[in-house]
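Trainee: Sequences listed follow chains A and B, in order.
According to my numbering, the stretch in the first sequence is residues 2 to 114, in order.
According to my numbering, the stretch in the second sequence is residues 77 to 188, in order.
Ideal Cβ positions, reconstructed from N, Cα and C, are used throughout, including at glycine.
Just so it is clear, the structure is predicted and the values come from calculations on it, not from any experiment.
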Amino acid sequence: DQQVKQNSPSLSVQEGRISILNCDYTNSMFDYFLWYKKYPAEGPTFLISISSIKDKNEDGRFTVFLNKSAKHLSLHIVPSQPGDSAVYFCAASVNQGAQKLVFGQGTRLTINP
Amino acid sequence: NAGVTQTPKFQVLKTGQSMTLQCAQDMNHEYMSWYRQDPGMGLRLIHYSVGAGITDQGEVPNGYNVSRSTTEDFPLRLLSAAPSQTSVYFCASSYSGSYGYTFGSGTRLTVV
Chain A
2 DQQVKQNSPS LSVQEGRISI LNCDYTNSMF DYFLWYKKYP AEGPTFLISI SSIKDKNEDG
62 RFTVFLNKSA KHLSLHIVPS QPGDSAVYFC AASVNQGAQK LVFGQGTRLT INP
Chain B
77 NAGVTQTPKF QVLKTGQSMT LQCAQDMNHE YMSWYRQDPG MGLRLIHYSV GAGITDQGEV
137 PNGYNVSRST TEDFPLRLLS AAPSQTSVYF CASSYSGSYG YTFGSGTRLT VV
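(1) Compute the Euclidean distance between the alpha carbons of B:Gly116 and B:Ser163, then round it to the nearest angstrom.
(2) Under 7 Å between beta-carbons, which chain A residues line up against B:Met117? List them in chain order, please.
(3) Nearest chain B C-beta to A:Phe34 closer than 7 Å, yes or no?
(4) Assess contact between the stretch 96 to 107 of chain B and the stretch 34 to 51 of chain A, defined as three or more Cβ pairs (one per stretch) separated by less than 8 Å. Is contact present?
(5) List the residues of chain B whose Cβ lies closer than 7 Å to the Cβ of A:Gly44, in chain order.
(6) Tell me, which residues are paired with A:Phe1 by DSSP?
(7) Looking at C-alpha atoms only, which residue of B:Phe150, B:Tyr171, B:Ser156 and B:Ser172 is the closest neighbour of B:Tyr111?
(8) Secondary structure at B:Gly129, three-state DSSP: helix, strand or coil?
(9) Give me the chain A residues within the contact set of B:Gly134, using Cβ-Cβ distance strictly less than 8 Å, ordered along the chain.
(10) Leaving out the 5 sequence neighbours to the left and right, which residues in its chain are closer than 8 Å to A:Ser53 when beta-carbon positions are compared?
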């Protein structure tokens, strides 16, 4: 059973516009959420995270929103740039334990010029 | 600073063969983990370690062994390779209490 789900395998956005990537989870024990970005032939790189005690966290062009009642989080990228084209994974952990992350399937974001 | 180094980058095995995927980090991180990435499945945790001498199973441990004799190294052993183990394998490390894992660049394994 997939505890963390990214239901959109791909997303295409015009350069300069907002990109919104979504993630749903089923385990109510998850209390920390992360987004990773992955380019081809490279390992994932950490992007941004949020604790369950918050509903929003910003870092430059990247903002993560958490809706605990809906068990939903989203990553907003504004403005989108060509270098943002990558696969994005959301991940979650229980008891804020970094050692056992549960990942979603990933969403391939393509930024068009 | 090399970060997390995985070797080899590519490997082809025959069914039944054994091999060890190497992972080394030079950041003095306590935590190390192995994940596998399969199409449509995201990354799934195989084994993890919270320090030298301590390992535990993740979501998909069957067919794999690990050991952590030093802080730096965390090798993953395939005991008897099967086609279902064809995947991309990522090693990752982090400080305890940190959530931003540093990943290696991966090992692409094909079992024929």
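Mentor: Short version:
(1) 12 Å
(2) Those are Gln106, listed as they occur along chain A.
(3) no
(4) The count of Cβ pairs closer than 8 Å, one atom from the stretch 96 to 107 of chain B and one from the stretch 34 to 51 of chain A, stays below three, leaving the stretches out of contact.
(5) Phe166, Phe179, Gly180, Ser181 and Gly182
(6) A query on residue 1 of chain A cannot be resolved here, the shown segment of chain A reaching from 2 to 114 and no further.
(7) B:Phe150
(8) In the structure shown, B:Gly129 adopts coil according to DSSP, grouped into three states.
(9) Lys101
(10) The residues are Phe31, Asp32, Tyr33, Phe34, Leu67 and Lys69.
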